[in-house]
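Visitor:
2 protein chains.
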Amino acid sequence: MLENLLIQDNGVPIYVQLREQVLALIGRGLLKPGARIPTMRQVAVALKIDLNTVQRAYAELERDGVLTKQRGVGTFITEAPPPRNAKKLLQEFAHRTAAQAKGQGIPLEELAAALTRLAGRA
Amino acid sequence: MLENLLIQDNGVPIYVQLREQVLALIGRGLLKPGARIPTMRQVAVALKIDLNTVQRAYAELERDGVLTKQRGVGTFITEAPPPRNAKKLLQEFAHRTAAQAKGQGIPLEELAAALTRLAGRA
DNA sequence: GCCATTGTATGAAAATATGCATACATTGAG
DNA sequence: CTCAATGTATGCATATTTTCATACAATGGC
Numbered sequence: 346m347l348e349n350l351l352i353q354d355n356g357v358p359i360y361v362q363l364r365e366q367v368l369a370l371i372g373r374g375l376l377k378p379g380a381r382i383p384t385m386r387q388v389a390v391a392l393k394i395d396l397n398t399v400q401r402a403y404a405e406l407e408r409d410g411v412l413t414k415q416r417g418v419g420t421f422i423t424e425a426p427p428p429r430n431a432k433k434l435l436q437e438f439a440h441r442t443a444a445q446a447k448g449q450g451i452p453l454e455e456l457a458a459a460l461t462r463l464a465g466r467a
Numbered sequence: 346m347l348e349n350l351l352i353q354d355n356g357v358p359i360y361v362q363l364r365e366q367v368l369a370l371i372g373r374g375l376l377k378p379g380a381r382i383p384t385m386r387q388v389a390v391a392l393k394i395d396l397n398t399v400q401r402a403y404a405e406l407e408r409d410g411v412l413t414k415q416r417g418v419g420t421f422i423t424e425a426p427p428p429r430n431a432k433k434l435l436q437e438f439a440h441r442t443a444a445q446a447k448g449q450g451i452p453l454e455e456l457a458a459a460l461t462r463l464a465g466r467a
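Okay, structure coming up:
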C-alpha cells in the first residue's frame, strides 16, 4: 500500500492527504475489509513524516469507522461498515457531497453518473 | 462568480480551497479568458474570510499564470490560461466520494440516486 | 516471563494559516 | 487635481499543523 501513497506540498495538511488517500484506496478496492494496512511507524518512515501526523490520520479514519486499530497487533480495514440510521446518514452525506461538488464546479448529474459507473464495477 | 464559491471547514486551508475553486470555474468555462473576477475585497466580504487569505490565493493563481492583477483596476483571467482537465477532476472527485461513502456504509447506487434528486431541485 | 512490535500519550518547539487593523501605491473616472 | 476603487504591504494575535523527543501500554511469539 505504501507505494500508493504520495504526500504533496500543495498546502493541504499532510494528515488530510493521508486520510483522503486511504479512503481512495478503499474506494478503488485496493484495500479490502479485514485487510491489514501498514503500521503507523512504517507509514511515517516511508513518507518521511512524523508518527504523530500518521496517528492523527489513522485516528480520524477510526472515528469514521473505516479503520480498526489493535494495540500491539496492527491496523485493519473495518470488517462491517458502521450500521447507523442509514437514511439520515445518506441524506446528510448526499447534501455534504453536493456542496463539495458545487464548490468544485462539478455538475451533480455528472457526478451521479460517475458514481453509478463506479457502482457497476463492484 | 461569488455564488459559485463555497468555503468548507474540512481541514483544507481556505486559500487552497479558493485557489482550486477558481481553477475549477475556469476549467468549467464559467470564467473565460479576459473576464474580470471579483475584487479581493468582494471575495473576502462575501465568503467572510480575511483579505490576506484572498490575496494569497490570488497571488498563487497569478504566479501560475492563471490570473493577471492590475492595481487600481481589478483582476482578470489571463488570456491564454493553462488548460484544466474537467474530466480528470470529476473522476478524482468521484473516486474520493465513493471511498468516503463506502467507509460510511453507503451504497453508491443510493448516493447517486440522492444526488440526482438534489440536482433536479436546482 | 521475556521481549519485540504496535498503538497511545505528552510536552515543547517551529512553521504555517487566519483574522484583524492599518497604511501605502496605482489606476481611472470625474 | 481629487477621489474612490483596487491591489500591496506590514505588524500583531491566535489557532493549527508538524516535527521532535520521549515514554507508556497492550499484544503475541518464543
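Residue numbers (my numbering), protein chains in the order written: chain A, 346 to 467; chain B, 346 to 467. By construction, the Cβ of each residue, glycine as well, lies at the ideal position given by its N, Cα and C atoms. Computed from a predicted model, the values in this text were never measured in an experiment.
1. Under the assumption that residue 446 of chain A contacts residue 438 of chain B (Cβ atoms under 8 Å), give the Cβ distance between them as a whole number of angstroms.
2. Does the segment 401–409 of chain B touch the segment 354–365 of chain B, meaning 3 or more C-beta pairs lie closer than 8 Å?
3. Measure the alpha-carbon distance for residue 395 of chain B versus residue 387 of chain B and round it to whole angstroms.
4. Are the C-beta of residue 427 of chain A and some C-beta of chain B separated by less than 7 Å?
5. In chain order, what residues of the same chain lie with their CB nearer than 7 Å to the CB of residue 431 of chain B, ignoring the 5 residues before and after it?
6. Can you check which of these residues, A/380, A/385, A/434, is closest to residue 409 of chain A by C-alpha distance?
7. Please compile the residues from chain B whose C-beta is within a distance smaller than 8 Å of the C-beta of residue 288 of chain A.
8. Taking all protein chains shown into account, do 16 or more other C-beta atoms lie within 10 angstroms of the C-beta of residue 356 of chain B, making it buried, or fewer, making it exposed?
9. Name the chain A residues whose beta carbon is nearer than 9 Å to that of residue 398 of chain B?
10. Pull up the CB-CB distance for residue 460 of chain A and residue 463 of chain B, whole angstroms please, since I reckon it's below 8 Å.
11. What whole-angstrom Cβ distance do residue 413 of chain A and residue 407 of chain A have, given they're in contact under 8 Å?
12. Kindly indicate which three-state DSSP category residue 371 of chain B falls into: helix, strand or coil?
13. For residue 389 of chain A and residue 370 of chain B, I'd like the C-alpha separation in whole angstroms.
14. With H, G and I counted as helix, E and B as strand and the rest as coil, what does DSSP make of residue 359 of chain A?
15. To the nearest angstrom, how far is it from the Cα of residue 348 of chain B to the Cα of residue 458 of chain A?
16. Rank A/465, A/381, A/351 by C-alpha distance to the C-alpha of residue 393 of chain A and give the top, closest one.
17. What are the start and end residues of the alpha helix (DSSP H) that includes residue 463 of chain A?
18. So what's residue 441 of chain B in DSSP terms, helix, strand or just coil?
19. Less than 7 Å between the C-beta atoms of residue 368 of chain B and residue 422 of chain B, yes or no?
20. If you run the structure through DSSP and keep just helix, strand and coil, what is residue 520 of chain B?
21. What are the boundary residues of the beta strand (DSSP E) that residue 419 of chain A is part of?
Guide: According to the structure shown:
1. 7 Å
2. yes
3. 11 Å
4. Because the pLDDT of residue 427 of chain A is 49, which lies under 50, any placement of that residue in the model is unreliable, and the question is left without a value.
5. 372, 373
6. A/434
7. Nothing about residue 288 of chain A can be read from this structure; chain A reaches only from 346 to 467.
8. exposed
9. Simply none; closest approach about 12 Å.
10. About 13 Å; that fails the 8 Å criterion.
11. 7 Å
12. helix
13. 36 Å
14. helix
15. 25 Å
16. A/351
17. 453–465
18. helix
19. no
20. Because chain B is modelled from 346 through 467, residue 520 of chain B falls outside the range shown and cannot be assessed.
21. 419–422
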